[in-house]
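Sequence positions in the sequence shown follow the working numbering and run 723 to 794.
Every residue gets a Cβ at the ideal spot worked out from N, C-alpha and C, and that includes glycine.
Here the structure is a predicted model, which means the values were calculated and not measured.
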Amino acid sequence: MKPQEMNDHELVISRDDFDAVLFNLDGVVTHTNKAHAAAWKQTFDNYLLKRNPQDGEDLGPFHIDLDYRRFL
């Protein structure tokens with residue numbers, strides 16, 4: 723079911739028609755780029771800490787400023 727159109731810029735979203743509404747607010751509610759980088763840092767740091775030095779060189783922790791754009 724489509725929301726009732728009021729004009730070119732507004733829509734009415736009725737609770738009768740929808741259980742939930744999701745909006746794409748990238749960068750509006752939170753700085754998503756910072757949250758994304760922090761999540762990748764946590765993921766890579768966990769992996770790199772468990773990496774056996776015999777598996778290869780010691781890579782150290784993930785550096786957001788250096789590694790984020792390079793690898794992601």
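| Item | Value |
| --- | --- |
| So, do the segment 739-746 and the segment 755-768 have three or more beta carbon pairs nearer to each other than 8 Å? | no |
| When burial is assigned at 16 or more other CB atoms within 10 Å of the CB, is F784 buried or exposed? | buried |
| Beta carbon of L770, beta carbon of G782: below 9 Å? | yes |
| Measure the alpha-carbon distance for Q776 versus S736 and round it to whole angstroms. | 60 Å |
| Which class does L794 belong to by DSSP, given the choice of helix, strand or coil? | coil |
| Using only the alpha-carbon positions, how far apart do D780 and V734 sit? | 56 Å |
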